[in-house]
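2 protein chains.
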Amino acid sequence: MFERVCIVGVGFMGGSFALALKERYPQCQIFGIDINHSAISKALELKTIDGGSTQIKDTLRFDPQLVVIATPVGTFEEIAKALAQLDIKCVITDLGSVKGRIVYMMEEHLGGNFVGGHPIAGTEKSGVENSLKDLFKGKRCVITPTEKTSPQAKKMVKDLWQSLDALVEEMDPYLHDYIFGAVSHMPHAVAFALIDAIARLSKDGVNLFEYPGGGFKDFTRIASSDPIMWRDIFLENAENIVKAIEVFQESLDTLKSLIVSGKAYEITQYLSKAKELRDRIV
Amino acid sequence: MFERVCIVGVGFMGGSFALALKERYPQCQIFGIDINHSAISKALELKTIDGGSTQIKDTLRFDPQLVVIATPVGTFEEIAKALAQLDIKCVITDLGSVKGRIVYMMEEHLGGNFVGGHPIAGTEKSGVENSLKDLFKGKRCVITPTEKTSPQAKKMVKDLWQSLDALVEEMDPYLHDYIFGAVSHMPHAVAFALIDAIARLSKDGVNLFEYPGGGFKDFTRIASSDPIMWRDIFLENAENIVKAIEVFQESLDTLKSLIVSGKAYEITQYLSKAKELRDRIV
Chain A
2 MFERVCIVGV GFMGGSFALA LKERYPQCQI FGIDINHSAI SKALELKTID GGSTQIKDTL
62 RFDPQLVVIA TPVGTFEEIA KALAQLDIKC VITDLGSVKG RIVYMMEEHL GGNFVGGHPI
122 AGTEKSGVEN SLKDLFKGKR CVITPTEKTS PQAKKMVKDL WQSLDALVEE MDPYLHDYIF
182 GAVSHMPHAV AFALIDAIAR LSKDGVNLFE YPGGGFKDFT RIASSDPIMW RDIFLENAEN
242 IVKAIEVFQE SLDTLKSLIV SGKAYEITQY LSKAKELRDR IV
Chain B
2 MFERVCIVGV GFMGGSFALA LKERYPQCQI FGIDINHSAI SKALELKTID GGSTQIKDTL
62 RFDPQLVVIA TPVGTFEEIA KALAQLDIKC VITDLGSVKG RIVYMMEEHL GGNFVGGHPI
122 AGTEKSGVEN SLKDLFKGKR CVITPTEKTS PQAKKMVKDL WQSLDALVEE MDPYLHDYIF
182 GAVSHMPHAV AFALIDAIAR LSKDGVNLFE YPGGGFKDFT RIASSDPIMW RDIFLENAEN
242 IVKAIEVFQE SLDTLKSLIV SGKAYEITQY LSKAKELRDR IV
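Protein chains in written order, with the numbering used here: chain A, 2 to 283; chain B, 2 to 283.
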């Protein structure tokens with residue numbers, strides 16, 4: 002089915018996608034594009050990709066059936082413009098964590114051949130050398146087609162993810178950003194802020210980072226995520242994230258007030274309700 | 002060395018301590034005290050303890066060499082008073098997550114035979130049936146002797162933890178509460194509040210708990226912890242926890258402001274610094 006796929010952005014996500022694709026379609030040739038020359042040479046060395054370039058215009062020469070954008074979302078508009086200028090006719094999708102406005106912007110440049118995608122998978126790791134071929138297996142992958150999306154393009158992207166054992170779910174681009182702004186982006190902001198707070202609470206020869214027990218290590222694992230990727234997510238989904246942060250701030254203020262006023266019964270209620278909701282996830 | 006140990010509070014922590022003790026000292030008889038009759042019968046059935054009672058006065062009849070208090074910290078004063086009234090002469094320690102004022106209060110009732118202890122180990126699980134015999138192996142255990150602590154009692158508790166393969170560290174009781182208020186208690190408050198916020202952000206038929214990808218599951222695991230245990234920690238270490246929450250709130254406010262004003266460079270700095278600090282923990 003797939004003979005030539007081009008991946009723009011050869012990092013952890015792009016690399017993992019390449020590995021998954023190679024496993025499922027061993028005959029598929031994968032071409033990587035990355036502005037970072039060392040990412041391309043590392044990926045070639047690891048045989049994650051079969052060819053590569055630092056120039057997006059080389060996409061045309063490769064004549065792909067599918068282009069997958071796997072860069073930080075802040076670069077999407079520039080990439081869409083470049084691909085539009087090349088007059089690429091194939092299906093184009095992405096692995097970005099923000100959809101909403103971005104999807105409509107991409108469509109303006111690329112038309113109905115663009116299908117927004119967001120595999121709900123990842124780790125705090127970055128870099129092509131950390132790529133995992135099984136990253137997407139059994140994981141949800143949200144696709145965000147619009148009324149302008151070509152049915153053939155949508156079918157190709159959907160079938161591809163299903164063939165990689167992902168669980169595909171269609172979603173409105175703006176609803177996607179509300180949901181993942183709350184359950185993923187805001188908690189990442191919280192984790193980064195938690196590290197900042199622990200640094201500021203370290204004092205007088207007490208380095209609090211020497212005491213990572215009691216859940217702290219798990220809790221802050223996601224603060225090791227790539228800063229550029231997350232900067233772009235925070236900026237591109239700012240409205241939803243800020244809204245979610247404010248709701249969280251109210252929740253924390255409520256708990257803090259209960260602690261300050263020593264309200265034992267209300268604290269028990271608050272914690273029991275949270276535990277009950279969390280237990281249901283598992 | 003140990004022939005008769007009494008554990009007050011037969012839950013996850015007390016049960017794990019009993020299992021660790023049995024593995025290291027197979028001949029040791031363990032007697033459990035719990036106000037909850039079903040905890041005692043479960044522990045007897047699982048052979049976690051050799052005998053048990055719902056009455057603390059039965060501690061005397063058992064004639065232990067060591068009493069280990071493993072109940073929520075809010076019950077400590079009542080237990081100390083009861084043990085003092087029984088005129089128990091043996092060494093008494095605890096597994097509680099708050100020390101500070103509590104240690105001096107315990108000493109008032111129990112004298113120099115009391116040695117505060119806090120093994121930095123646990124999971125979000127509760128209940129004696131979830132106990133883990135290897136919970137403390139390779140983990141830090143803080144002990145908080147004071148100038149009143151009997152050197153023999155301190156040595157017994159220290160040697161015991163070392164024999165269970167824990168890494169013993171002596172610490173001032175108040176410094177303990179500052180450190181663990183910041184790195185453990187405050188993050189637990191944040192995790193509980195995060196669940197509360199996600200519940201409040203769920204709306205119009207969108208159940209956000211159906212989207213646990215993107216780190217959310219790891220991040221909120223600790224919100225499944227026992228509400229009573231955590232209520233007591235929040236109340237007993239309120240001052241340090243509230244202070245730490247406030248520093249965290251400032252950190253989050255800073256990040257939120259950077260997002261609102263679209264300050265790309267400053268966001269990158271903020272996230273990079275957090276990532277660097279977090280990466281050092283691993």
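Even for Gly, the Cβ is constructed at its ideal location relative to N, Cα and C.
Note that the coordinates shown come from a computational prediction; the quantities given were computed from them, not determined experimentally.
For the pair glutamate 247 (chain B) and glycine 101 (chain B), the CB atoms are not nearer than the 9 Å cut-off. The beta-carbon of alanine 167 (chain B) is placed no less than 9 Å from the nearest beta-carbon of chain A. Here the stretch 36–49 of chain A makes contact with the stretch 11–18 of chain A; the two share three or more CB pairs at distances below 8 Å. Contact annotation: glycine 75 (chain A) and aspartate 233 (chain A) have beta-carbon atoms nearer than 9 Å. Around the CB of lysine 58 (chain B), fewer than 16 other CB atoms lie within 10 Å, so the residue is classed as exposed.
Distances from the alpha-carbon of aspartate 280 (chain B) to those of A:Thr269, A:Ile268, A:Asp219 and A:Gly117 put A:Asp219 closest. The Cβ-Cβ distance between glycine 33 (chain A) and threonine 72 (chain A) does not fall below 9 Å. Bridge partners of serine 54 (chain B) according to DSSP: B:Ile34. Comparing C-alpha distances from glutamine 66 (chain B) to each of B:Ser54, B:Cys7 and B:Ile50 shows the shortest one belongs to B:Cys7.
If you look at leucine 256 (chain A), you'll find it in the alpha helix (DSSP H) that goes 239–261.
Pairing serine 151 (chain A) with asparagine 114 (chain A) gives a Cβ-Cβ distance under 9 Å. Ranking B:Ala239, B:Ile196, B:Gly206 and B:Thr269 by CA distance to the CA of proline 228 (chain A) puts B:Thr269 first. The way I'd put it, the stretch 91–101 of chain A does touch the stretch 147–161 of chain A; three or more beta-carbon pairs between them come closer than 8 Å.
The CB of serine 42 (chain B) never comes closer than 9 Å to any CB in chain A; the least such distance is about 24 Å. Between leucine 259 (chain B) and glutamate 251 (chain B) the beta-carbon gap is near 13 Å, outside 8 Å, which marks them as no contact. From the listed residues B:Gly263, B:Phe249, B:Ser203 and B:Ala192, the smallest Cα separation to leucine 272 (chain A) is found for B:Ala192. Counting along the chain, the unbroken alpha helix (DSSP H) around valine 191 (chain A) starts and ends at 187–202. At a cut-off of 9 Å, the C-beta of isoleucine 36 (chain A) has no neighbouring C-beta in chain B. Alanine 83 (chain A) and alanine 275 (chain B) have their C-alpha atoms roughly 34 Å apart. Counted as a single uninterrupted DSSP element, the beta strand (DSSP E) harbouring aspartate 95 (chain A) occupies residues 92–95. Among the residues of the stretch 178–209 of chain A, those with a Cβ less than 7 Å away from any Cβ of chain B are Ile180, Phe181, Ala183, Val184, Ser185, Pro188, His189, Ala190, Val191, Ala192, Phe193, Ala194, Leu195, Ile196, Asp197, Ala198, Ile199, Ala200, Arg201, Leu202, Val207 and Leu209, in the order of the chain. Within the stretch 270–281 of chain A, the residues whose Cβ lies closer than 8 Å to any Cβ of chain B are, in chain order, Tyr271, Leu272, Ser273, Lys274, Ala275, Lys276, Leu278, Arg279, Asp280 and Arg281. At a cut-off of 9 Å between beta-carbon atoms, isoleucine 80 (chain B) makes no contact with chain A.
For isoleucine 180 (chain B), the uninterrupted alpha helix (DSSP H) run begins and ends at 174–181, by DSSP. From the beta-carbon of lysine 100 (chain B), no residue of chain A is found nearer than 9 Å; the closest lies around 14 Å away.
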